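**Q**
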Amino acid sequence: MNLKRSLFAVTTAALAFSVVVLGGGYGLRAHQRIRSGRPDLGLVSCTHCHQGSLNKMPWAKARPHHDSPGGMVLSPDGKRLFIALDDKDEVAEADVATLAVLRRAKVPGGPFGLALDAQGERLFVACQHVDQVAVLDTSDLAEKARVSVGVRPTDIAFCPTRGGERLVVTNSGSDDISILSPSPLAEVARVAGGREPYAATVVDGGRCVYVANRMAVHDGQLAPPASEVTVLDPASGHIVNRLALDSAHMAEGIAAVPKKGWVLNTMIRVRNLVPITQVKDGWVMASGLAISQADGAVTQVPLDEANASFSDPSGVVASPDGRRAFVASGGSDVVTVVDLDWLNSWLSRASPADRGDAIMDMAFSYHYVLARIPTGCNPKHLALSPDGSRLFVAERLDDSVLVVDTASLKPLGRIVLGDGGRNDPIRQGERVFTRARYTFQGGFDCRSCHADGHVDGLSYDFDGSGVGDNLLDNRSLCGVAGTEPFKWNGRNPTLQFQDGPRFARVLMRTDPIPDPQLDELATFILHLPPTRTIPWDQVGKPLTPAQQRGRDLFFATKRPNGTPIPRSRQCQVCHRPPLYTNRLIASVGTQGRRDPKEGFDTPHLIGVGASAPYLHDGRARTLEEIWTVYQIDDLHGVSSYWTKLQLNDMVEYLRTL
Amino acid sequence: MTRKTSASLLLGAAVLLLAACDPQAQQGSIVLTQVPVGAPAPQDMTVLDARYPPGSRVVLLSPPFGAQAVRVLSEGLEAAGDPCVSWDGRWVYFAGKDKDRQGWQIYRVAAGGGSPERLTDAPGGAMDPAVAAHEELVYSSPVPKAGRLWASPEPPSLYGMLPGKAPRRLTFGPDAAVNPTVLRDGRILYVGAAASDSRRAQPHLCLYTVNNDGTEVTAYAGQDDGVDTVRRPRELGDGRIGFLASRGHEPGASEWAEGVRSAAPFATRANLLPFPGQGCRSVEPTPEGELLVCADVAGMVGRSMTANAALFRVAPGAAELGAPVFDDPSWNSIEATGIARRDEAAGHTTTVMPAASQGTILCLNANDSCEPATDGTGSPAAQLRITAIVGPGQLRVLGTVPVASDGSVLVRLPAGVPLGLDTLDGAGRVLRHQPPVFWLLPGENRACVGCHERRSHSPRNVRPLAVQTDPESIGLAGKSYSR
Amino acid sequence: MKNRLSPPFAIVIGLASALSHAQGMNAPAPAPGAGPLPIPVVSRFENFGEKDGIPSHKVHCVLKASDGRIWIGTPNGLCVRQDNGTFRRYGTEDGLSHLTVLSIAEDPATGDLWIATLQGLTRLSGGRFTAFTQTNSGLPNNVVYGVAVAEGTVWAATAAGTGAYDLRTRAWKPYDQTNTVMNEPWCYAVAPGKGVIYLGVWAGGVVEHDPHTGTFKAYRDPDGEFHIALATDSGPIVDVTSWVAYDQGILWQGSYFGLARYNTGSATWRTWVQDKTPLLSNFVNTVFAHGRLGWVSTDRGVSVTDGDNWVNYLVDKEGRGVVRIYRPGKPPETRMMTTALPDGFIMAVWADDHEAWFATSNGLSHGVFTVSSDSSALTSNP
Amino acid sequence: MRNTLFAIIAASIAASAALGADAPPVSSAEGRDNRVPGALPAAQVPGTTAPAASRFIYATPEEEYPPYGGLPKELWPFANTEPYYRYFVTRMPFRGPGRDYPPEANLKSLRIGLVDAPKVGANWERSVRTREGIVLAMEEANLERGPGELPFDLIEHEGIAQWGGAANLAAQLADEKVLAYLGTIDGTDAHVALRVTLKTEIVMVNTSDPDQTLTETQIPWLIRVLPDHRQEEGRLAELMVRTCGCKRIAVLRAGNRFARVGAHQFEDFARRLGCPVVQELLFSPGATDIPYQIAAIKESQPDAIFFLGEPNDIGRFAKQFRQAGVKARFFGTDLLMEDGFLQNAGDAAEGTTFTFYSDPTRQDPLWTEFSARFKKRWGHEPDTYAAYAYDGAEILLHAIRISGPNRWRIRDGVYNLDYYQGVTGWMRFDGTGSNTAPVCIVRYEKGRRVFEPQVEFAPPSNAGTLTRSP
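Protein chains in written order, with the working numbering: chain X, 20 to 676; chain V, 3 to 485; chain Z, 32 to 413; chain S, 11 to 480.
#1: In chain order, what residues of the same chain have a beta carbon less than 8 angstroms from the beta carbon of Gly188 (chain V), not counting five sequence neighbours either side?
#2: Tell me whether the stretch 263-278 of chain X and the stretch 659-669 of chain X touch, counting them as touching only if at least three CB pairs, one residue from each stretch, are closer than 8 angstroms.
#3: Would you check if the distance between the CB atom of Lys89 (chain Z) and the CB atom of Met378 (chain Z) is smaller than 8 angstroms?
#4: Could you tell me which uninterrupted beta strand (DSSP E) segments, each at least 3 residues in length, are contained entirely in the stretch 337-393 of chain V, listed from first to last along the chain?
#5: So is Asp223 (chain X) buried or exposed if we call it buried at 16+ other beta carbons inside 10 Å?
#6: Since Asn580 (chain X) meets chain S, which of its residues come closer than 7 angstroms, beta carbon to beta carbon?
#7: Within its chain, find whatever has a CB closer than 6 angstroms to the CB of Ala113 (chain X); leave out the 5 residues flanking it on each side and keep chain order.
#8: Which residues in the same chain have their Cβ closer than 8 angstroms to the Cβ of Pro127 (chain X), if we skip the five residues on either side of it in sequence?
#9: Relative to the ligand ATP, is the shortest distance from any of its heavy atoms to the C-beta of Pro172 (chain X) smaller than 7 angstroms?
#10: DSSP three-state label for Pro466 (chain V), please.
#11: Any beta carbon of chain S sitting closer than 8 angstroms to that of Ile146 (chain Z)?
#12: Give the secondary structure of Asn181 (chain V) by DSSP, where H, G and I count as helix, E and B as strand, and everything else as coil.
#13: Examine chain S for any beta-carbon lying closer than 8 angstroms to the beta-carbon of Lys663 (chain X), and answer yes or no.
#14: Among the candidates X:Thr180, X:Asp376, X:Ser25, whose CA atom is the shortest distance from the CA of Leu251 (chain X)?
#15: Quick one: is Glu643 (chain X) buried, meaning 16 or more other Cβ sit within 10 Å of its Cβ, or exposed?
#16: Mind listing the chain Z neighbours of Thr249 (chain X)? Cutoff is C-beta to C-beta under 7 angstroms, in chain order.
#17: Which of helix, strand or coil does DSSP assign to Phe481 (chain X)?
#18: Going straight from the alpha carbon of Pro504 (chain X) to that of Phe459 (chain X), what length do you get?
#19: Just to confirm the assignment: which complete beta strand (DSSP E) runs, minimum length 3, are found wholly within the stretch 188-216 of chain V?
#20: Between the alpha carbons of Ala60 (chain S) and Gln241 (chain S), how many angstroms are there, rounded?
#21: Below 8 angstroms, how does it come out for the stretch 348-361 of chain Z and the stretch 322-329 of chain Z: are there three or more Cβ pairs, yes or no?
#22: How many angstroms separate the CA atom of Ala409 (chain S) from the CA atom of Pro230 (chain S)?
#23: Quick one: Cα of Ile420 (chain S) to Cα of Thr140 (chain S), how far?
#24: Looking only at its own chain, which residues have a Cβ that is under 6 angstroms from the Cβ of Ala355 (chain S), when we skip the five neighbours before and after it?
#25: Per DSSP, what are the beta-bridge partners of Ser143 (chain V) in this structure?
#26: Checking the sheet assignment: what are the DSSP bridge partners for Arg521 (chain X)?
#27: Determine the extent of the alpha helix (DSSP H) in which Val202 (chain S) is found, giving its start and end residues.
#28: Helix, strand or coil: how does DSSP classify Asn173 (chain Z) here?
#29: Does the Cβ of His459 (chain V) have 16 or more other Cβ atoms within 10 Å, making it buried, or fewer, making it exposed?
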């Protein structure tokens, strides 16, 4: 009896469970199909829509901070070295003779770029996290003044001009350049730069300032990109010239060459328009140096060799006699010594065709590369003593500054700033991120396309099942935590999957990154916060009326005449907040002639204002073009009823995300 | 004595015991190929028999390199030579000839000594061992008859064999691929013949690289310069690639060491050593940045004109060869390499898709060339003609594909056969001719800047028109339009 | 009303013209016994055309930049005058968004030029062109008639509204009939005033906008009719505005129905039409404001006026230059010039106290002022 | 007034003598020679479809035109006040150069542009019919091109619905080197295109936009062959107030620019006739039900309702008005001719009175022959859009024939036209360049359109003389 009763109970329970599971599953699927507007949708995780709070994202949590050296500047007498420690909100002062750190001063806001006045009395600090420039008194490192500039200032240059002293600040986040008067500290002009003005150098004692723009701009999906060197007159604030570094990006180092009238730019020469079939010979990208001569002629020469690459050229300095340049290669942990006299001699006899072809000849650097000096991890900023005898190399991920004797090219020692963060998995992951040795011949590293984890604004044609059928826009890694799956086809469930063997096969052409390092890399990426697209002083402020109207459009469920917008074509359904993606594949009418499939991963929109171009292959140069040029039959949101004002409102709103 | 201390002592004793039995070689040891002076060459010999006549042996030479420090590693073999050392320094690979089997195969032996283990069973024999990433053995097979290395009807190809796995063929060229060595970037550098239509008796030998999955065969150095014969390339660690050069292909021809800089290999071919180096038998780098050179001592001060080959250690910038570090007058010391742990070469994640039968090639601009077109008119290419060697001596035109207006071409071609390309003008006249010399592997995607383009040049950053449409497909039987 | 020409006066103009023609007078000199004319007088025209590298007959606009270079917009590209006197052309191949350049403005803060074309707004900065179009930016429409830069904002008058591009925030703000008092969205010109922007709206009069407060005020034709000007001096001459210009408190409205002037200090309007006033023609292409003067480009020549005094430049049928000077209470003076504008159909003028440049339908002309003209009087309020 | 006019004329003559700065006379000798005194029958060369020269009567320099489109003075604004200045009594000349410019090198065809309506929108079907008329004219013209004569070519662009798209198309047509162009229907499109036209100096012939303000811009690069809303509504207002004795007129119009501009003109007329409208209410185009508007209009107790909007909408609302018990007479403009009104209104259409341009039941041989040719080409009868488009194209083709490939001379040939006898009847162009030929009155009776008898308009005998009075 008991057995029967038990059997009955078990059977009943099993049936009830089955009904609940089946019914629940059916109901859940119905719910998902209704809410997504996608009747074809299979059962998916609830987290596609119910995403939780951004506060729980890895990047939103506290993390260790490190003594990573940023910008450096030497006192006029060459005895003291000032070092920006942006991650610690500090500026350090070191004794060049003893290599000891003498003082540290708190400078809130991510101090990154440094400049001294002619007497070495005032230290100007570009604080990238708060969009400000601070002035410190070098006698006590006390802050004396502070002024707002553009978004994310990265470098600052001091120059005397016919109009008085000026400071030129590169605002990397707002694509403009601030010109300040130091006394009193005030912004006197702001001029448009290229994309991501990143570093500045003073030429001819202040006659003009050259600004390196890190990212390339391009005039269309299949047009060669070019990074700009902005030349401005700091006295008038007028733009004198905008030099184009053809097919160059990540041009973040700049240095004037005394006695030669040149300006040097470090750069990566990309071949993003060429399908990726190999890494060798710079087929994906190669490091180079751009020489801008006084007459505006620009010549690019390679820093890589025929069978070896030196990725992420960053800081560059030229010796006071103008005969040598030093270039830090952040991905390869070397400083390259360049013979400028040889280049000068070559330039004097080279034909225009020779000059144009030089950057293509990977064997060319053999002529003028004098040495490759090994450094610690991720050398970035460089500084030379006023007499040129000492080279200071900021080993950013080792928390140290290497000092090199420029005569012997031998290391003299290190200024130790921190412990290198060896126990911090995020920092370890950043090392992987910047390490080119995981790529064939050290051709590039993650950072080569994702500076600061963000985009380079380019589309690349990765090796797929064929050639030329995989043109894809580079997507930002900032704020990607929680937005899996990755890749435009949505096939990679984790970053490890994305960046592991698959990447090794289609891109890096080496063994995959070993699992421990791959985990560290994923940890680093997941801790990258979203890119800030609005000025610091606007963070947390209410939306402007235009932005609010745009938001209303984004969340609109009906047209103005009351007709409902299908759920599958409401902005907020696919780009569901707070991540602004439902992490599903969507077809928005953008399949290209050689795209194998019509559906693509729904990208998240956090920081979208700074990640142009748009759509899976980067065909839309601006947010507007998504709807003005590439919208078909209202497949990418119902936009046909928008007026120009409404489109503008939408763009204004998206730029706040 | 505490338990902890006892355990430590026991452990220490065990380590010492194991160390005593460890087949590892002493720090600074050298593996050497010794060929008996005056040994007669056998009849019907192969190239290896000529190089390593019976009695040749691979030995371990431990410091301080006296004659008594020699330990034979190729024990039990009729002849042996061409040693190379594993990345961890624990194993020595060499080519050996078993008395019973009468053939050359690749053997492995613990660096400290032991019984050689045969690794290959290659039809026609195997030679020229090298080690790639993941202890993958690379070798060349079959072993041709002496004097027929570059005229063999079955030219040796390179193979790769991972431990425990079957060998994979890596090269598919029309000529021999020999003397492989593995570069730090993971590629296999080997000696091949420059592309040519004629099966000349004396081809121009030069260096090529190929990935360790057989993809991306690429000219490395020597295609356009130097004497016709090169041998034994080695990456020296100072940014140079060293190799032996000689005039003519006769066995025993005097060789000398040359080198190119990897930074500009097509522009820097020069003598490797700053002093006369005739009679050089091998050059190998040491971890300390020196060179191990095996060279004839004939004609040296105090030596007769018929003396043997000895081992020298040459410091960077040395003005002369100096005194040999090892010299046994009854042996020719012809090949020496140091035993040491080295950084393993980079690996390569294969792009080969074994199930596929074709690869794809993209030429960015068929008109981009550093050679003038044969017709001299400057006409742009209108078509690309594809040829292949489909069997011994069988050259077949597989078909033609149109060249886009920007000169680009995209086409799928059969894998695993030597392929040649000719650009044709609108009237079908040949503008530029490339005899079959390269190959594609299944699923390989390959691209080139142009036809006979400049060496070591990057492509321009231009989107080729040819990729706007799906590629045409050409099989061994000709053109087909299915994907 | 006091300045309106009586019908017989019109006859006088004609007769005087005929007389002057007969006398063959030379370059103008101050009239005997007259006080200094508060308008500089052109003594000589230096003409430039296709022989000098200008790539079309017509020149739509002219600008002398702060660095002294002369820029012109033509139907066939943008041109700059080089040191050797010839013109270098920039076209779409250089990055210009369209060949037809209608208006050019200089950003005083950066020296950048903003170029209005038939297909987008183009920035020329540091030698590089950047195109803003209605599809890649917030520009309301690609047909951009007028452009001005003020206080860090670029104002572009387009066929579907005016776009304001904030150079600092990179944000666009379109203005049309839905968010302003504009009657229609069709804008023809923008003129920065003192803290405000004047928008010349086709069929909407002149709209004054204070960007700081976000307020708008429309100045409309009091009679609201296109077929008549009911009265004079009571508001804009018509709602169909073809141009607006502003300097030193004076706003000018150009139209194809005549000319109007608004004194922002006294809040008073004055209007002029052809035949009844010295205005050469109702067909006013553009007005250039400099100081208190308006340089009025018409299809019959150039009228220069401070509201009371007038200097008109015409071309007679033999192609000779004629200048007519009108002073209050004095008979008009008509004189022949030794040189002439290349054509009477004037598209635009740029002028300062020292020289004037004329964009005409048949080339560019440089007006060299008479040395004796009292330029100091230009800015005085008569 | 008379003195003033005299003074102006005298001064003009004097100035002209002295300076020669006025508009050149019509450049085409043919144009002047073919000025025919008096009304003409439909003279046509047998065997040709090209209009005979006698069907074109051109203006003379300084010719004066009747003010305000020739409407009765009681409809004029400020009719009892002599304004300071009166515009459009002469045509704005084009004084610029260009008539002696050589033709473009390597001309392969004579390109004529066409801006269609946007595909999405009510005007698309009208645009299709417009296109049919133009294509027929061009095909006929090309058949008659002689040896060595360049063919005509139509460069056609579909309209762009948003954001001033017609301006962009007008600019594009300039890039495409058209000699002249035709279009558009929507008033906004026509306005923005016209402004581009002035800059690009390419003459525009509008065949289907009734917005009366279109030609009131003094831009001498446009004529319109379709009588405008001023002509329609002037006639209608007089009919309603004077003939029908309506006292309480309500206006229901679409909430768009087309209806706003038209309705306000009508309201001006009604006011000037002493009968200001009692209500003006708007509806959203495409709206299905408008109970609030109907209730409000009903409450105002109108005896007439003037509609302006798409015929489908108006038909639907007419029915709803009747269902709501509103007895007022219905009036409207030409759009009520379309079947959509009748279909949706049903019985409510009865008595609805509206204006129309040209009576399709006329037996004028020009019209009947055109209708036959059109039907043969397109398989259906021509409607008013097709017919006016055909006429507009014929005017343009004639101007190109007599002027050659010179945009400025083509402009003269188009803009200096005073009268043209087309398949739609005689046209009379006023000082703005708009056709002011009288419009017809049509009434729905038992589901049929009844055209009120009308005297065929013909040019007065003094056409082409120096001055004329209305």
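Beta carbons are placed, not taken as given, at the ideal position from N, Cα and C, and that holds for glycine. Bear in mind that the values here come from a model prediction, so they are computed numbers and not experimental data.
**A** The short version:
#1: Residue 188 (chain V) sits at position 186 when you count from the first residue of the second sequence. So the list reads Ala134, Ala135, Asn213, Asn214, Ala347, Ala348, Gly349, His350, once near-sequence residues are dropped.
#2: Per the Cβ contact rule, the stretch 263-278 of chain X is not in contact with the stretch 659-669 of chain X (fewer than 3 Cβ pairs under 8 angstroms).
#3: The residue given as residue 89 (chain Z) occupies position 58 in the third sequence. The residue given as residue 378 (chain Z) occupies position 347 in the third sequence. Result yes, Cβ atoms of Lys89 (chain Z) and Met378 (chain Z) sit closer than 8 angstroms.
#4: Fully enclosed beta strand (DSSP E) runs of 3 or longer: 360-365, 385-393.
#5: By one-based count along the first sequence, residue 223 (chain X) stands at place 204. Exposed, since its Cβ has fewer than 16 Cβ neighbours within 10 Å.
#6: Taking the first sequence and counting its residues from 1, one reaches residue 580 (chain X) at position 561. The contacting residues are Ser294.
#7: The residue labelled residue 113 (chain X) in the question sits at position 94 within the first sequence. Here the set comprises Leu100, Val120, Ile434.
#8: Numbered from its first residue, the first sequence carries residue 127 (chain X) at position 108. Only Asp108, Cys146, Val149 meet the Cβ criterion.
#9: As presented, the structure is devoid of all ligands, the ligand ATP included, so that no description of it is given.
#10: Here the question's residue 466 (chain V) lines up with position 464 in the second sequence. DSSP places Pro466 (chain V) in coil when its eight states are reduced to three.
#11: Translated into the one-based positions of the third sequence, residue 146 (chain Z) becomes position 115. By this cut-off, Ile146 (chain Z) is not an interface position.
#12: The residue labelled residue 181 (chain V) in the question sits at position 179 within the second sequence. Here Asn181 (chain V) sits in strand by DSSP.
#13: Within the first sequence, numbered from 1, the residue matching residue 663 (chain X) stands at position 644. Yes, Lys663 (chain X) counts as interfacial toward chain S.
#14: What you label residue 251 (chain X) is simply residue 232 of the first sequence in a count that begins at 1. The option with the nearest alpha carbon to Leu251 (chain X) is X:Thr180.
#15: Counted from its first residue, the first sequence places residue 643 (chain X) at position 624. Glu643 (chain X) is buried by the Cβ-count criterion.
#16: Your numbering for residue 249 (chain X) matches position 230 in the first sequence. Correct list: Gly157.
#17: Here the question's residue 481 (chain X) lines up with position 462 in the first sequence. In this structure, Phe481 (chain X) counts as coil in the three-state DSSP scheme.
#18: Locating residue 504 (chain X) in the first sequence gives position 485, counting from the first residue. Locating residue 459 (chain X) in the first sequence gives position 440, counting from the first residue. For the pair Pro504 (chain X) and Phe459 (chain X), the Cα-to-Cα distance works out to about 27 angstroms.
#19: Listed in chain order, the complete beta strand (DSSP E) runs (minimum 3 residues) inside the stretch 188-216 of chain V are 190-195, 207-212.
#20: In the fourth sequence, residue 60 (chain S) corresponds to position 50, counting from 1. In the fourth sequence, residue 241 (chain S) corresponds to position 231, counting from 1. If you draw a straight line from the Cα of Ala60 (chain S) to the Cα of Gln241 (chain S), it comes to about 29 angstroms.
#21: No contact exists between the stretch 348-361 of chain Z and the stretch 322-329 of chain Z.
#22: Stepping through the fourth sequence from its first residue, residue 409 (chain S) is reached at position 399. Stepping through the fourth sequence from its first residue, residue 230 (chain S) is reached at position 220. Answer to the nearest angstrom: the Cα atoms are 15 angstroms apart.
#23: For the purposes of this step, residue 420 (chain S) is taken as the residue at position 410 of the fourth sequence. For the purposes of this step, residue 140 (chain S) is taken as the residue at position 130 of the fourth sequence. Taking the straight line joining both Cα atoms gives about 22 angstroms.
#24: Stepping through the fourth sequence from its first residue, residue 355 (chain S) is reached at position 345. Cβ neighbours of Ala355 (chain S) beyond the five flanking positions: Gly325, Ala328, Lys329.
#25: What you label residue 143 (chain V) is simply residue 141 of the second sequence in a count that begins at 1. For Ser143 (chain V), the beta-bridge partners assigned by DSSP are V:Ser159.
#26: By one-based count along the first sequence, residue 521 (chain X) stands at place 502. None, per the DSSP bridge assignment.
#27: The sequence position of residue 202 (chain S) within the fourth sequence is 192, counting from 1. According to the DSSP assignment, Val202 (chain S) belongs to the alpha helix (DSSP H) that extends over 197-210.
#28: Translated into positions along the third sequence, residue 173 (chain Z) becomes position 142. If DSSP states are grouped into helix, strand and coil, Asn173 (chain Z) belongs with coil.
#29: Numbered from its first residue, the second sequence carries residue 459 (chain V) at position 457. The residue is buried, with at least 16 neighbouring Cβ atoms inside 10 Å.
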